[in-house]
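Since the structure comes first, as structure tokens, the remarks are kept for the end.
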Amino acid sequence: MTLLVDRLTVTYGASAGLADASFTVAPGEVIALVGANGAGKSSLLKGLMGLATHRAAALTLDGVELGALPTRARIARGFALSPEGRHVFPELTVRQNLDLGHVGGGPVPAERIAAMYRLFPRLQERSGQAAGTMSGGEQQMLAIARAMMANPRVLMLDEPTLGLAPIIVRQIAAFIAAIRATGVAVILAEQNAEMALAAADRGYVVENGRIVLEGRAADLARDPAIKKAFLGI
Amino acid sequence: MVDILLQQIANGLSVGMGYALVALGLTLIFGVLHVINFSHGETFMLGGLLTLIATTTLGLPYLAALPLAGLGGAVLGWGVNRIAVRPLLARRDGGADVLLATFAVSILIHQAVVMLWGPAPARIDGVPGTFELGPVVLTGQRLFVLAAGLALLVALEWMLRRTRFGVELRAVAQSQFAARVVGIDVDRVNGATFGIAAVVAALGGALLSPVILYSSSMGQVVIIKAFVVVVIGGMGSVSGAVACGLLVGLLEAVLGLVAGEGVATAVIYSLLLAMLLIRPQGLTGKRAR
Ligand SMILES: Nc1ncnc2c1ncn2[C@@H]1O[C@H](COP(=O)(O)OP(=O)(O)OP(=O)(O)O)[C@@H](O)[C@H]1O
Ligand SMILES: [Mg+2]
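Which chain is which? The protein sequence lines are A and B, in order. Okay, so the first sequence: first residue is 69 according to the working numbering, each after it adds one. Okay, so the second sequence: first residue is 1195 according to the working numbering, each after it adds one.
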């Protein structure tokens, strides 16, 4: 088992963004987190990354407990996040954004950069451009590539298709399929439940800060009650 | 008249370099931490004081006092961040209190220095000699201020643009959240920003004190000028701080000559007010990025 999370709770001051979420992710597996606005999907990812106050009975990657480590150490051990809303560094170049995704210390491996450019050729064309001047879709590719620079074993994508044209959504779905084939586990938090469940093996439905349902993605996508209650599709 | 004007331009530029070095740290700290460090002027003063102590009490040559001043600045900057900034920033909405906390620190430092060394101004012997450039006569120290200031600025610009740390610093300035997402240790970058700003300000004090005389209030005078520079140059803009630091020094010297010191001061503060009213983003409109 790659990732095992037992009763993860994420708090913002006195209020909880996520309570007692337990789940597992295997190597090469894609899981989808679906649920309405404010359900707690992003909170779950921020908790995993150490970006928000959290506690958990267990948060282990291959048996190694990561719950007390700072974000940088979690990235070094195999986590990476492409955050909701992209959050690229607007006045740094595309290349500098990618460089910052590399955590190993020492020079940024040229081979890694080249791999990102093969993945998203558009980024190579724009390598010297300030990231903030790129289109929304290009910035989304950059946010994903920046996360991939860390060479993650668990890649977390928060709303990677929000506001993107269908053709780019298909590109990102193809990217997820390609990346999971290399053994990387993917956690996909999406408003677009249809797309997320189509790309995933298993799904977790999040509601009011709790995981209320889990199952095979195909089953969740088909279940009319779930469609109506949670997914709005 | 033209000769005197050229002379004043040269003198104004060297004093302006001092303003630039202080404003630079102020703007860097604002750009990265989004707080105003009111005690920054006292770091400039400390640089002057350490130079005075090194060259008189310790009997060191002037140039040997510079590293000492820089080191003292680094320690002070680190301490101010630890005591008056970092604990407040850890609180929700603590950023607004930093101005007041660092104001308190600046008064404490100033009073401590007055108590321990007295308020009397003191002369410091800098780089000796004079240089004639046509009609303009520059003292060795003023020339050294310009050259060393320029070297410092170039080194800083190189650090910000070309080193991994510099890019991390700019990343934090642009988005603290994104910086944390990629694993940048924001506290470390904040602390280092404070340290770098303080070293530059203390070196500014060490460079300028032989020109303007050391006095325990030199920090209070310069911090006000630095605020003007930072607002005119654009809060958070590094290049803006440098250009406007030189500009304010120049204006002061030239207007002081043709219209008197009172008018020069009035013009500079009117400029501050006008900028706040019509162009609050500053001349460049850019942030420390
Ligand atoms: N920084 C924060 N401070 C306070 N409360 C927060 C913060 N971030 C999230 N919350 C709260 O936590 C709850 C869960 O939010 P979260 O962002 O995890 O939802 P989400 O499922 O990602 O929603 P969306 O689909 O809109 O992105 C919400 O009630 C939200 O208001
Ligand atoms: Mg979200």
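Glycine included, C-beta positions come from ideal geometry on N, C-alpha and C. Please read all numbers here as calculations on a predicted model, not as lab measurements.
Do we get a CB-CB distance below 7 Å when we pair residue i with the residues of chain A?
i, result
"Val1380 of chain B", "no"
"Ser1369 of chain B", "yes"
"Arg1336 of chain B", "no"
"Gly1476 of chain B", "no"
"Val1376 of chain B", "yes"
"Leu1363 of chain B", "no"
"Arg1483 of chain B", "Residue confidence is low: Arg1483 of chain B scores 49 on pLDDT, short of 50, so the model does not pin down where it sits. Its coordinate-derived value is still stated next. Cβ-Cβ to chain A under 7 Å: yes for Arg1483 of chain B."
"Ala1372 of chain B", "yes"
"Gly1212 of chain B", "no"
Which residue or residues does DSSP assign as beta-bridge partners of residue i?
i, result
"Arg123 of chain A", "A:Thr77"
"Thr161 of chain A", "A:Ala198"
"Met224 of chain A", "A:Leu149 and A:Ile255"
"Leu1354 of chain B", "Per DSSP, none; premise fails for Leu1354 of chain B."
"Val1383 of chain B", "The partner list for Val1383 of chain B (beta bridge, DSSP) is empty, contrary to what the question assumes."
"Glu282 of chain A", "A:Tyr272"
"Phe1325 of chain B", "B:Leu1332"
"Glu133 of chain A", "A:Thr128"
"Tyr1543 of chain B", "No information on residue 1543 of chain B is available, as it lies outside the stretch 1195 to 1483 that chain B covers here."
"Thr92 of chain A", "A:Leu72"
"Ser83 of chain A", "A:Tyr80"
"Leu101 of chain A", "A:Ala257 and A:Tyr272"
Nearest CA to the CA of residue i: which residue from the options?
i, options, result
"Asn276 of chain A", "A:Gly108, A:Val171, A:Arg180 and A:Gln239", "A:Gly108"
"Pro189 of chain A", "A:Arg163, A:Val171 and A:Pro175", "A:Arg163"
"Lys1419 of chain B", "B:Ile1203, B:Gly1235 and B:Thr1296", "B:Gly1235"
"Asp74 of chain A", "A:Tyr80, A:Thr92 and A:Ala82", "A:Thr92"
"Ala94 of chain A", "A:Gly131, A:Arg123 and A:Thr121", "A:Gly131"
"Ala141 of chain A", "A:Met117, A:His122, A:Val156 and A:Glu152", "A:Met117"
"Asp167 of chain A", "A:Pro292, A:Ala199, A:Tyr272 and A:Leu86", "A:Ala199"
"Gly85 of chain A", "A:Leu113, A:Leu72, A:Arg180 and A:Pro151", "A:Leu113"
"Tyr272 of chain A", "A:Ala264, A:Leu281 and A:Ala266", "A:Leu281"
"Asn260 of chain A", "A:Tyr80, A:Asp88 and A:Asn105", "A:Asn105"
"Thr79 of chain A", "A:Gly115, A:Leu71 and A:Val102", "A:Gly115"
"Met1353 of chain B", "B:Thr1387, B:Ala1290 and B:Ile1277", "B:Thr1387"
"Thr1237 of chain B", "B:His1228, B:Ala1217, B:Val1229 and B:Leu1254", "B:Ala1217"
"Ala1314 of chain B", "B:Leu1199, B:Glu1455 and B:Ser1411", "B:Ser1411"
"Gly1241 of chain B", "B:Ser1409, B:Gly1476 and B:Ile1301", "B:Ser1409"
Should residue i be flagged as near chain B, meaning a C-beta pair shorter than 7 Å?
i, result
"Glu179 of chain A", "no"
"Gln164 of chain A", "yes"
"Phe56 of chain A", "Coverage of chain A is limited to positions 69 through 301, which leaves residue 56 of chain A absent and any answer about it impossible."
"Leu129 of chain A", "no"
"Pro151 of chain A", "yes"
"Gly169 of chain A", "yes"
"Arg140 of chain A", "yes"
"Leu112 of chain A", "no"
"Val78 of chain A", "no"
"Leu71 of chain A", "no"
"Ile143 of chain A", "yes"
"Leu288 of chain A", "no"
"Leu230 of chain A", "no"
"Leu116 of chain A", "no"
"Leu265 of chain A", "no"
"Leu119 of chain A", "yes"
With residue i and residue j assumed to form a contact (beta carbons below 8 Å), what rounded beta-carbon distance in angstroms separates them?
i, j, result
"Thr161 of chain A", "Gln208 of chain A", "Not quite, the Cβ-Cβ distance comes to about 17 Å (not below 8 Å), so this is no contact."
"Val171 of chain A", "Ala144 of chain A", "5 Å"
"Ile1406 of chain B", "Val1209 of chain B", "7 Å"
"Asp1319 of chain B", "Thr1249 of chain B", "7 Å"
"Ala1395 of chain B", "Leu1215 of chain B", "6 Å"
"Thr1245 of chain B", "Ala1391 of chain B", "Actually they are not in contact, since the Cβ atoms of Thr1245 of chain B and Ala1391 of chain B sit about 19 Å apart, beyond 8 Å."
"Leu232 of chain A", "Val1375 of chain B", "Not confirmed; about 20 Å, so no contact."
Answer yes or no: the CB of residue i versus the heavy atoms of ligand 4, is any distance below 6 Å?
i, result
"Gly85 of chain A", "Summarising the ligand content, the structure contains ligand 1 and ligand 2 and does not contain ligand 4."
At least three beta-carbon pairs within less than 8 Å, the region 1322-1331 of chain B to the region 1263-1274 of chain B:
Segments in contact, no.
Check whether the region 1434-1442 of chain B touches the region 1406-1426 of chain B, counting contact only when three or more Cβ pairs, one atom from each stretch, lie closer than 8 Å.
Three or more beta-carbon pairs drawn from the region 1434-1442 of chain B and the region 1406-1426 of chain B are found closer than 8 Å, and the two stretches are therefore classed as touching.
Take every Cβ of the region 251-260 of chain A, pair it with every Cβ of the region 212-224 of chain A, and state whether three or more of those distances are shorter than 8 Å.
yes
Would you call the region 1355-1362 of chain B and the region 1277-1287 of chain B in contact, with 3 or more CB pairs under 8 Å?
no
Whether or not the region 96-105 of chain A and the region 146-158 of chain A are in contact is what I'm after, with contact meaning three or more pairs of Cβ atoms, one per stretch, closer than 8 Å; do they touch?
no
Taking 8 Å as the threshold, find out whether the region 1465-1472 of chain B comes into contact with the region 1221-1234 of chain B through three or more Cβ pairs.
Too few Cβ pairs lie closer than 8 Å, so no.
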